[in-house]
Structure formats: structure tokens, C-alpha cells
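Heads up: the protein sequence lines correspond to chains A and B, in order.
Just add 1 to the spot in the first sequence (first one is 1) and you have this note's numbering.
Just add 490 to the spot in the second sequence (first one is 1) and you have this note's numbering.
The next block holds one structure in the form of C-alpha cells; read it before the comments.
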Amino acid sequence: MTRVGRTERVVRYVLMLAVLAITVGPFLWQLSTSLKGPGENIYPSPPSFVPRDPTLANYAEVARIIPVWDYALNSLKVAAANVLTNCVGASLAGYALARLRFRGRTAAGLVFVAALLVPLESIIIAQFTTMRDLGLNNTLVAVVLPGSVGALNVLLMRNAFRALPYEIEEAAVVDGANVWQRFLRIALPSVKGTLAVVAIFAFMGAWDDFLWPLIVLSDPDHFTLTVGLNFLHGTFADKPRVVAAGTIIAVAPLIVMFACLQRYFFRGVGEGAVKG
Amino acid sequence: MSVRTHRAASPWLFLLPGLAVVAAFILYPFLSTVQHAFTDARTLTPGVWVGLRNFQEMLHDPQFWTALRNSLLYVVVVVPCTVLLPLLLALLVEKPLKGVVFFRAAFYTPVVASVVVVALIWVWMLDDRGLLNSMLEMLGAGPVSFLGDAWLVLLCAMALTVWKGLGYYMIIYLAALAQVPKELHEAAAVDGAGPIRRFVTVTVPAVRSTMVLVGALSSVAAFKVFSEVYLLAGPTGGPAGEDSTLVMLVQRSGTGLSGRVGYASALSLVIFCIALVLMLLVLRADRKEKSA
Numbered sequence: 002m003t004r005v006g007r008t009e010r011v012v013r014y015v016l017m018l019a020v021l022a023i024t025v026g027p028f029l030w031q032l033s034t035s036l037k038g039p040g041e042n043i044y045p046s047p048p049s050f051v052p053r054d055p056t057l058a059n060y061a062e063v064a065r066i067i068p069v070w071d072y073a074l075n076s077l078k079v080a081a082a083n084v085l086t087n088c089v090g091a092s093l094a095g096y097a098l099a100r101l102r103f104r105g106r107t108a109a110g111l112v113f114v115a116a117l118l119v120p121l122e123s124i125i126i127a128q129f130t131t132m133r134d135l136g137l138n139n140t141l142v143a144v145v146l147p148g149s150v151g152a153l154n155v156l157l158m159r160n161a162f163r164a165l166p167y168e169i170e171e172a173a174v175v176d177g178a179n180v181w182q183r184f185l186r187i188a189l190p191s192v193k194g195t196l197a198v199v200a201i202f203a204f205m206g207a208w209d210d211f212l213w214p215l216i217v218l219s220d221p222d223h224f225t226l227t228v229g230l231n232f233l234h235g236t237f238a239d240k241p242r243v244v245a246a247g248t249i250i251a252v253a254p255l256i257v258m259f260a261c262l263q264r265y266f267f268r269g270v271g272e273g274a275v276k277g
Numbered sequence: 491m492s493v494r495t496h497r498a499a500s501p502w503l504f505l506l507p508g509l510a511v512v513a514a515f516i517l518y519p520f521l522s523t524v525q526h527a528f529t530d531a532r533t534l535t536p537g538v539w540v541g542l543r544n545f546q547e548m549l550h551d552p553q554f555w556t557a558l559r560n561s562l563l564y565v566v567v568v569v570p571c572t573v574l575l576p577l578l579l580a581l582l583v584e585k586p587l588k589g590v591v592f593f594r595a596a597f598y599t600p601v602v603a604s605v606v607v608v609a610l611i612w613v614w615m616l617d618d619r620g621l622l623n624s625m626l627e628m629l630g631a632g633p634v635s636f637l638g639d640a641w642l643v644l645l646c647a648m649a650l651t652v653w654k655g656l657g658y659y660m661i662i663y664l665a666a667l668a669q670v671p672k673e674l675h676e677a678a679a680v681d682g683a684g685p686i687r688r689f690v691t692v693t694v695p696a697v698r699s700t701m702v703l704v705g706a707l708s709s710v711a712a713f714k715v716f717s718e719v720y721l722l723a724g725p726t727g728g729p730a731g732e733d734s735t736l737v738m739l740v741q742r743s744g745t746g747l748s749g750r751v752g753y754a755s756a757l758s759l760v761i762f763c764i765a766l767v768l769m770l771l772v773l774r775a776d777r778k779e780k781s782a
């Protein structure tokens, strides 16, 4: 551990507080706006962060003009489904690529690597026409399907299974366990950490996604929160308090989740960037 | 090494969900993009082979050139900031000071939020009478109509992209900095090198490969920008589309009932190729410097 001198310490704290203001300040400003009543000036100079008379009226108002709770539920459904399919699909495929020996394994691995190289934005129109051909456009299923087993997640799980000591499974083989039993009872419980990373990023990715749901959903009843917020912004831009309430509804669950599971968020950045 | 005793069919059962999804929703759409790029397909009609006509049309389409310029400009401005600023930020929170863990987490907050949420927050802050302008007013300046000028909107969107990525790339850099031997810094300090000299002569060479990685990741991401500009400049990228980016052009021309799937696919193919070239360029620059 290197010692930090006194001046340096002061400078560091001052700088960190400045960056804190830049990164977190906008969220607090939005929260503050969402709590300010119609009687309070939201354009004061100097700006005031603390609402004079905090009210939840804007949250009621946003729910009145758009079905924001239905959108939240749609986002939740999409995110939960994305977590489930990615955890199951990626751990199954990752296990086969890491631990099973069969003809075509290298080719199967390359398929996932190739998929990783295709920017989603460059195939989004074709994904849209594919969904149309399947008759799935404008459904939540269509929102989930393209990312339901992410290639990156498969490769992350493969790496996690590869890193496991080989002997544990060997013993199970001797005991007569078949491949499914080895996967479920021995291998899977040993990679819980990576599985948590996959789950969290699958949730966050689906909850935050915008371009694909925007393209595939046309019926306002099926909007997810991000598409709904875009609609709110386009139609009610003259109601900043209400738009603010909407954005807080969309971001609060993720901030809570991040506060609780920070470790996995940071771990995911490392694994995703280095091995991706 | 692999465990052998299993029925021959089971590996493929394990792979089935993953391969099916990737094949149906990534690889097939990619091939179909390539195929559609040479047709005049529309949303409701399959279209016929038109050869290179979509690409010829692109060359004469002022919207394409504007969008290409904006997307490339995005890379040129955003990538250097994204390579450098998070590194400085990582150096700031690297030392084990009290509360530093809190600061790291706080700096990461914008990464967690949806781009739609942060863009709407920014729209509100950049409002003619918003937070930024009332702060400028306190300093006796402004007001600046941030969202009133096409160039300024684009610049604000770039700032938003950099701001949103700060925490993400900071974490990548922190992992890299943890691998740098402390002795290097100490030796340089003993030699009388100041903080800037030490940054240039010790830190940068030690995290070079991470900088290249960040450069590669962020240049592809910046080139594919959609949401930030879409939300700040509006769905058409301003009244005359001056702020439109390539992905916005794809979204606008390829969707809807009269969507020109063929033309949008040709645009998509251009995006794919440029993204790939960007990636290779950055990675090659790294290899060259390493071998030199």
C-alpha cells in the first residue's frame, strides 16, 4: 500500500467530489424535479435541489397519462425472461463446449464467436423481417427472442466451466453419474459467480434496451418502459415534472439492484471486456 | 480435456437452445441482410434482384453522407475522450483512501441506467431554462440554446456518450492498473519524475494494451450510435436530418409499413463493414507498436 500525502489526499477528495457531482448530480436533479409540485418554480436561479414541498403527485400524473405501471410490468417480464433463457441456454451450451468431447465442437464454438462479431445494429432490419415472417412482431416474445441466448454469455460460461478442476467430475463419472447429473449437481453449482454475472447483465440489458423494442413494438399496449418513456418525452415534453417522474420509475429498480449486487456488476465488466 | 462417457446425442442437446437462437436470430438475419442489400425489398413486398443499385443510390443520397459524416465524427470525438478520461478517473480512485469504494460505485451509476433515462435527464438539464443554463446565469453567462443548434446537439450527444461510459471503462482500467508493479512508480518518483512525467512514462506504457482494447470497444460502439442522438435531436435527427447517424438512417428507412428493407439492408452492410474495419484498425495499431 502506498502512502498518500496530506495535500494529495485533499486534492483527491476534492476531485472525487467534483466527479461525483457530475456523475450523480443529474440523477438527483431529476429526482428533485419529479418531487416538485405544480406551485414550485422548476426553473429557479440559483437552482434549488431540495423541493420546497415534496409531492408524489407527478408519479400519479405520469400513471394517468401513460400506463406506466403496465410498461414497467412489460419491462419486468422481458427482463425476467431474458435472465431465465440466458442462464439456461448459456450454461448448457457453455458446459458442452468446455467439458464434452464430440465431433463438431470447434465448429460449434466458432459459431458463437462469429455471432459476437456481428453488430446487432447492422442486422436489426433483418431481425425485424424475421420476426414478421414468424408472425411475432409487436409481441413481447419478439423483444426477448434475439438476445435470449447471448453468444457472449455462452463464451463466459464456457470459460467458467473450463476453469473448474477436472478431477471432481472424474470422481462422479466413476460413481456412474451421467452427463446431466454431472452438469446439474457438480459443474453448475461451482460456477454460481459467473452465472450471477450473466443473470445481472441479462436483466440490465433487457431492462435498458431501446432500439430493438422501438423497432419491433408498434402497439402502445406492449411498450416496454424505455419505449414508453420515449413516447412520453415526444408527446408531453412540456411537462418536465411528469417526464422526470417517469424516468425515476425506470431507473430506480436498477440503481437499487446495483447497490445490492455491486460486486457482480464490476466483475461482469472485467469478464465481458477481456474475454469478449 | 473432456469427460467421455456420455451418449453421442447429448452434447447437441446441450447446445441446441444456444445454437438455435444464434442461428435463427443472428446468423440468418445477417445472411438475409446481405441478400436483401441487393434487392428492392420493402416491408410488404419481397422485392427483386437489383444488383448494386442500392449502393449507387447511397452515393447520391445526401442523407447518407450526412449520416456517415456524423457517425465518423462521433468516433473521432468520443473515442479519444473515452480512452483518456476513464483512465484518469481510475487513477483518481485507485488509492485505498477512505470512502473510495463508494466513489467508484457512484461513478458507475450512469452505466446502470438506460440510455433513454439518461438522455431524458440531459434533455431536461440542457433545456433553455434548465439546470445548466441557470448555472451559467449565476456565472453571468448564457443562456445557451444547447438543443437549438444542430452542431451543439451533436456535441451534447457525444458528451452524453462519454459521460455514460466513464464508469464502465474506469472499471476496466482499474483492473489493468492493479497489475502494474508499484516499484515502477517508486523508481520513477525517486528519479524525480513529476506526476505528469510518471503518467506518460510509466502508467501509459503499462496499460497500453488496455487502452487499445478500450479504443476498439468504444470506436465500434460510437460508430453505431443511435439512442443518444435519436433522443436529443429527435427521431429524424433535426428538422432536415443534419444530426442523423447511420443507424438512425437504417431505423428510419427500413421500418414502418413502407419501409425500404432493401436500401436499409445495404446501409446495414456498410455499417457492418466499417465497424469491422474500425475494430481491425485499432487492434492492428496495437500489434504494430508492440512489435516496433
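Ideal Cβ positions, reconstructed from N, Cα and C, are used throughout, including at glycine.
Given the structure is predicted, the values throughout are model-derived calculations rather than measurements.
Under DSSP, the beta-bridge partners assigned to B/Thr529 are B/Trp539.
In the displayed model, A/Glu41 falls within coil according to three-state DSSP, outside both helix and strand. Interface flag for A/Glu62 against chain B is unset, since no Cβ pair is found closer than 8 angstroms. At a cut-off of 8 angstroms between beta carbons, B/Gly657 contacts chain A. With respect to the 8 angstroms criterion, B/Gly705 and B/Ala640 are not classified as neighbours on the basis of their beta carbons. Not a single CB atom of chain B sits nearer than 8 angstroms to the CB of A/Asn59. Of the residues assessed, B/Arg774 falls on the exposed side of the cut-off, its CB having fewer than 16 other CB atoms within 10 angstroms.
With fewer than 16 other Cβ atoms inside 10 Å of its own Cβ, B/Lys672 counts as exposed. Distance from the CA of A/Leu255 to the CA of A/Val198, rounded to the nearest whole angstrom, comes to 14 angstroms.
In this chain, the alpha helix (DSSP H) harbouring B/Tyr598 covers Val590 to Val602. About 6 angstroms separates the CB atoms of A/Arg106 and A/Leu98; that is less than 8 angstroms, so the two are in contact.
Here DSSP, grouped into helix, strand and coil, assigns B/Gln669 to coil.
Following the DSSP letters along the chain, one finds A/Arg163 inside the alpha helix (DSSP H) bounded by residues Ala152 to Arg163. Around A/Leu29, the same chain offers Phe50 as residues with beta carbons nearer than 7 angstroms, after the five sequence neighbours per side are excluded.
Relative to B/Val573, the option among B/Pro586, B/Ser743 and B/Leu703 whose CA is nearest is B/Leu703. Around the beta carbon of B/Val680, a 10 Å sphere encloses fewer than 16 other beta carbons of the protein chains shown; the residue is thus reported as exposed.
Nearest to B/Gly541 by C-alpha distance, out of B/Leu549, B/His550 and B/Thr529, is B/Thr529. Taking a beta-carbon distance threshold of 8 angstroms, B/Thr599 counts as an interface residue toward chain A.
Within the region 67-111 of chain A, the complete alpha helix (DSSP H) runs of at least 4 residues fall at 69-100.
Only residues of its own chain outside the window of five on either side were considered, and among them Phe713, Thr735 and Leu736 have a CB closer than 6 angstroms to the CB of B/Ser561, listed in chain order. At a cut-off of 8 angstroms between C-beta atoms, A/Ala152 counts as an interface residue with respect to chain B. By the neighbour-count criterion, in which 16 or more other beta carbons inside 10 Å mark a residue as buried, A/Glu171 falls on the exposed side. Around the CB of A/Cys261, fewer than 16 other CB atoms lie within 10 Å, so the residue is classed as exposed. Nearest CB-CB separation between A/Trp213 and chain B: not below the 8 angstroms threshold.
Cα atoms of A/Leu157 and A/Ala188: separation of roughly 14 angstroms, rounded to the nearest angstrom. In this structure, B/Leu739 places its C-beta atom within 8 angstroms of the C-beta atom of B/Leu757. Taking a beta-carbon distance threshold of 8 angstroms, A/Asp209 counts as an interface residue toward chain B.
In the three-state DSSP reduction, B/His550 falls in the coil class, being neither helix nor strand. With a cut-off of 8 angstroms on Cβ pairs, the region 228-243 of chain A is not in contact with the region 587-598 of chain B, counting fewer than three such pairs.
B/Gly632 sits in coil when the DSSP states are folded into three classes, being neither helix nor strand. Taking a Cβ-Cβ cut-off of 7 angstroms, the neighbours of A/Trp30 in chain B comprise Met615 and Leu621, given in sequence order. The Cβ of B/Gly630 sits no closer than 8 angstroms to any Cβ of chain A. The three-state secondary structure of A/Asp134, taken from DSSP, is helix. Put simply, of A/Leu74, A/Asn87 and A/Thr130 the residue whose alpha carbon is nearest the alpha carbon of B/Leu506 is A/Asn87.
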